[in-house]
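Q:
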Amino acid sequence: MELYNETKNNYIGANIHLVSFGLLELGCIYCVCIYSVNSKNELYYTKKSLKCMNCGRESIIPIIPNSLLVKKFYTNKERLDAIQCLKSDLYPSSNL
Numbered sequence: 705m706e707l708y709n710e711t712k713n714n715y716i717g718a719n720i721h722l723v724s725f726g727l728l729e730l731g732c733i734y735c736v737c738i739y740s741v742n743s744k745n746e747l748y749y750t751k752k753s754l755k756c757m758n759c760g761r762e763s764i765i766p767i768i769p770n771s772l773l774v775k776k777f778y779t780n781k782e783r784l785d786a787i788q789c790l791k792s793d794l795y796p797s798s799n800l
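Residue 762 in the working numbering sits at position 58 of the sequence shown, and the numbers go up by one each step.
1. Could you tell me the distance, in whole angstroms, from the CA atom of R761 to the CA atom of K775?
2. Which whole-angstrom value describes the C-beta separation of S753 and N709, a residue pair presumed to lie in contact below a C-beta threshold of 8 Å?
3. Quick one: measure Cβ to Cβ for R783 and I738, integer angstroms, because I've assumed they're closer than 8 Å.
4. Ends of the beta strand (DSSP E) at G731?
5. Just to confirm before moving on: does the CB-CB distance between Y749 and M757 stay below 7 Å?
6. Under a Cβ-count criterion, where at least 16 other Cβ atoms within 10 Å of its own Cβ denotes burial, should V723 be classed as buried or exposed?
7. Rounded to whole angstroms, how far is the Cβ of G731 from the Cβ of I768, which I believe are closer than 8 Å?
8. Once DSSP output is grouped into helix, strand and coil, what is the label at I768?
9. Looking only at C-alpha atoms, which of I765, S740 and E706 sits nearest to I733?
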């Protein structure tokens, strides 16, 4: 659940990373996908939390240096496996 906490109040850190580096990777727990954005216009958010551009849910984890997806999982496959495990815990009846 520690990873789940990264889906909340994450817009500012993600935006800072995007402005600094010109590219931001995002992982969606619900879609179980990782995608990149390179413009602030591609960041969807509600209040302070990012929303997925595919499913519209607030289930996004920005893949930035202080994220557990960077600190504990080094490849995209490891990151997707971690996202899949979290999805199974949070959305057990989802068919996506």
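Glycine included, every Cβ here is placed at the ideal spot set by N, Cα and C. None of these values were measured; they are calculated from a predicted model.
A: Result, derived from the coordinates:
1. In the sequence shown, counting from the first residue as 1, residue 761 sits at position 57. In the sequence shown, counting from the first residue as 1, residue 775 sits at position 71. Looking at the backbone, the Cα of R761 and that of K775 are separated by about 24 Å.
2. Within the sequence shown, numbered from 1, the residue matching residue 753 stands at position 49. Within the sequence shown, numbered from 1, the residue matching residue 709 stands at position 5. About 11 Å separates the two Cβ atoms, so there is no contact after all.
3. Indexing the sequence shown from 1 puts residue 783 at position 79. Indexing the sequence shown from 1 puts residue 738 at position 34. The pair is a contact, with the Cβ atoms about 6 Å apart (cut-off 8 Å).
4. Taking the sequence shown and counting its residues from 1, one reaches residue 731 at position 27. DSSP places G731 inside the beta strand (DSSP E), whose first and last residues are L728 to C732.
5. Counting from one through the sequence shown, the residue named residue 749 turns up at place 45. Counting from one through the sequence shown, the residue named residue 757 turns up at place 53. Not in contact: Y749 and M757 (Cβ atoms no closer than 7 Å).
6. Residue 723 sits at position 19 when you count from the first residue of the sequence shown. By the neighbour-count definition (other C-beta atoms within 10 Å, threshold 16), V723 is an exposed residue.
7. Counting from 1 along the sequence shown, the entry for residue 731 is found at position 27. Counting from 1 along the sequence shown, the entry for residue 768 is found at position 64. That belief does not hold up - the Cβ atoms of G731 and I768 are roughly 11 Å apart, past 8 Å.
8. As a working note, residue 768 is residue 64 in the sequence shown. Three-state DSSP puts I768 in coil, outside helix and strand.
9. Your numbering for residue 733 matches position 29 in the sequence shown. Of the candidates I765, S740 and E706, the one whose C-alpha sits nearest the C-alpha of I733 is I765.
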